[in-house]
Every structure is written in structure tokens, then in C-alpha cells.
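Going from the sequence shown to the numbering used here is simple: count from 1 and add 8. Glycine included, each C-beta is placed from N, C-alpha and C at the ideal position. The structure presented is a predicted model; accordingly, all values stated were derived computationally and were not measured.
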Amino acid sequence: MSRAVAVGAALVVAGALTACGTDDASNDTAGNPYGLAQAGVLRAGTLTDAPPNVYLKDGKFTGFDNDLLTAVAGKLGLKVEFVGTDFSALLSQVNNHKFDVGSSSITITEARKKTVDFGNGYDFGYFGLDVPAGSPITGFDQLAGKRVVVVQGTVQDDYATGKQLDPVRVPDYNGALNQLKAGTADAWIAPAEIGEKSAADSNGKITVAAKQLSPAPTAYAVAKGSDKLREALNKGLDEVIADGTWSRLQAQYYPGRPIPADFTPGSGTVAAPSASASAAS
């Protein structure tokens with residue numbers, strides 16, 4: 009009898025431990041519904057050298073994309089932890105869960121959809137053509153046979169490759185800018201806003217020769233299958249569009265930049281108030 013009681017007691021204890029384990033797992037899921045590496049913290053991979061989109065200022069990650077992501081995360085009750093990386097590695101790092109999200113004016117392309125999933129588009133962009141001051145180059149149609157620099161893995165890289173320009177690839181925007189300043193490149197195909205800011209800060213050494221509208225919107229990237237996180241980011245994005253944050257940040261970082269008539273941020277189900285209305289609210 010005593011041995012039977014002991015065995016029964018052991019089974020009860022084992023069952024209790026199993027139940028506790030199940031409850032803990034359930035609680036973990038409830039406390040971390042988006043499957044983040046750390047509950048309550050959205051770890052974002054970004055760049056340090058691409059103003060006004062994503063960059064470091066006084067030791068703080070900022071720029072349109074990052075400030076917008078911080079506002080979106082706030083709607084979800086999340087804190088954002090930004091970490092700098094190279095763009096060429098960013099998408100694979102997101103899909104390998106080194107980062108929960110990629111924030112770097114990432115243009116949605118069919119090729120990139122094979123590596124990561126994208127949220128709804130939050131911005132549009134232009135290709136810019138930066139050249140050394142005094143260059144005879146005035147348009148994208150004059151790049152054949154020229155030494156053209158691009159940041160590896162960007163849609164500008166795709167564009168140059170598609171045009172059979174045999175571009176010089178560098179890992180970051182500073183590298184591209186340095187090529188122009190040193191005279192080792194004839195032109196840099198850049199995101200227009202980044203190219204314009206770089207030219208303005210070059211003390212007249214760099215000018216913007218031309219720009220053209222990019223073919224697709226930019227969006228935040230998440231790992232394949234991270235549907236709950238992607239859907240939550242989409243919901244938060246719609247909320248910051250509706251409350252005027254998106255319009256305010258557009259006016260702050262891209263003053264005077266017209267918004268294409270056929271571009272609608274987010275899901276398209278909410279309207280973005282004008283920047284003046286946002287400032288007054």
C-alpha cells in the first residue's frame with residue numbers, strides 16, 4: 009500500500025509540474041504575442057549614415073523611418089531598440105531573427121519577398137543621381153561607360169545592374185559619397201532624399217544631376233511567417249497616419265516634397281491629415 013501511495017504521489021507531482029510548464033508557456037505567449045526576441049521590445053535593424061531617412065544624431069537613431077517606427081511601436085505598447093548594420097546584410101538578419109524588424113527605407117520588390125515579409129507601404133521615394141560638381145552628366149541616360157557607384161543590395165543596385173552599367177558596389181552610403189569626393193566614381197545612384205542631403209552637406213563638391221520616381225513603396229520588413237507582428241505594425245501605422253504623425257514627420261524630414269497623387273500610405277483605409285492640420289491639432 010505504501011509503495012502504491014508513493015507512486016501515486018509521484019504521478020501527482022509530475023502532473024502538477026507539467027501543468028505549471030504549460031501555464032508558463034501560455035503566459036509567455038500572452039506576454040509576447042508578436043514573438044519578439046525580448047517581450048515588450050521591438051529590436052530594429054537600421055543604418056547609421058542615410059539622412060534624412062535613417063541615421064545617427066548625437067548618438068541617437070533618428071530619421072523619418074525610425075521616428076515613424078517609434079510612433080507605430082508606441083501604439084502597440086512596445087519600446088524600440090535600434091541597432092546599426094549594413095544594408096546588404098539587413099534582410100537576412102531580419103529573417104534569421106537577429107532583428108524583429110528592418111527599418112531602412114526598404115523598397116518592396118518581388119525578389120526581396122523571397123527573403124522577408126513586408127508590412128504596408130509607408131513612404132515613396134525617388135532615385136537621385138549625384139555627381140561631382142562640374143560634371144557633364146545631367147541624366148540617367150548618360151551613365152553608359154561611366155564609373156557608377158551604388159550601395160550593395162539596394163534597388164539602386166538593381167537598377168544599375170538592369171541597365172548593364174556594371175556598378176561599383178560599396179557597403180554603405182558613406183562609402184558611396186567618399187567615392188564621389190575622391191573622384192573615383194563619376195556618379196552615384198542614391199535614394200534621392202539621401203543624395204540631396206549629402207549634396208547639401210558637401211560644401212559644393214557634390215550636386216544632384218537628376219531624379220526619378222522609384223517604382224515601388226518602402227515598408228518595414230519582418231521575418232517570413234511573422235504574421236502577427238506584421239499585422240500589428242500595419243494597424244499601428246494606420247493609427248499614426250490617422251492621428252497626423254505621418255504627415256508631421258513628412259513635413260519635418262522632407263519639407264516641400266510633393267506626394268505623388270497615386271501614393272496612399274498604410275492600408276489605404278484611413279486618411280492622412282495635412283501637415284498644417286497636424287501641427288495645429
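Residue i in three-state terms, based on DSSP
i    : result
A193 : coil
A240 : helix
D57  : strand
G39  : helix
V15  : Note that V15 has pLDDT 42, beneath the 50 cutoff, so the model's placement of it is unreliable and the number below is only indicative. Of the three classes helix, strand and coil, the one that applies to V15 here is helix, per DSSP.
S100 : helix
R155 : coil
G203 : helix
R120 : helix
S10  : With a pLDDT of 44 at S10, under the threshold of 50, the predicted position of this residue should be treated as unreliable, though the coordinate-derived value follows. S10: helix per DSSP, three-state reduction.
Q150 : helix
V80  : helix
G274 : coil
G92  : strand
Bounding residues of the alpha helix (DSSP H) (the contiguous stretch that carries residue i)
i    : result
S255 : 253-261
Q164 : 163-170
Neighbour-count burial assignment, residue i, 16 or more Cβ in a 10 Å radius
i    : result
K232 : exposed
L221 : exposed
T37  : exposed
P263 : exposed
T277 : exposed
Q187 : buried
Proximity of residue i and residue j at Cβ, strictly below 7 Å
i    : j    : result
Y130 : L245 : yes
G227 : V216 : According to the sequence as given, residue 227 is Ala; it is not Gly. It is not a contact, given that the beta carbons lie outside the stated cut-off.
N61  : G274 : no
Q160 : I197 : no
Beta strand (DSSP E) segment containing residue i, residue limits
i    : result
L137 : 134-140
Y63  : 62-65
I267 : Run containing I267: none; DSSP gives neither H nor E here.
S111 : 109-115
Cβ contact (3+ pairs, closer than 8 Å) linking the region 88-105 and the region 45-60: yes
Three or more C-beta pairs below 8 Å linking the region 69-84 and the region 108-120: yes
Contact between the region 195-207 and the region 74-91 (3+ Cβ pairs under 8 Å): no
Three CB pairs or more closer than 8 Å across the region 173-193 and the region 152-161: yes
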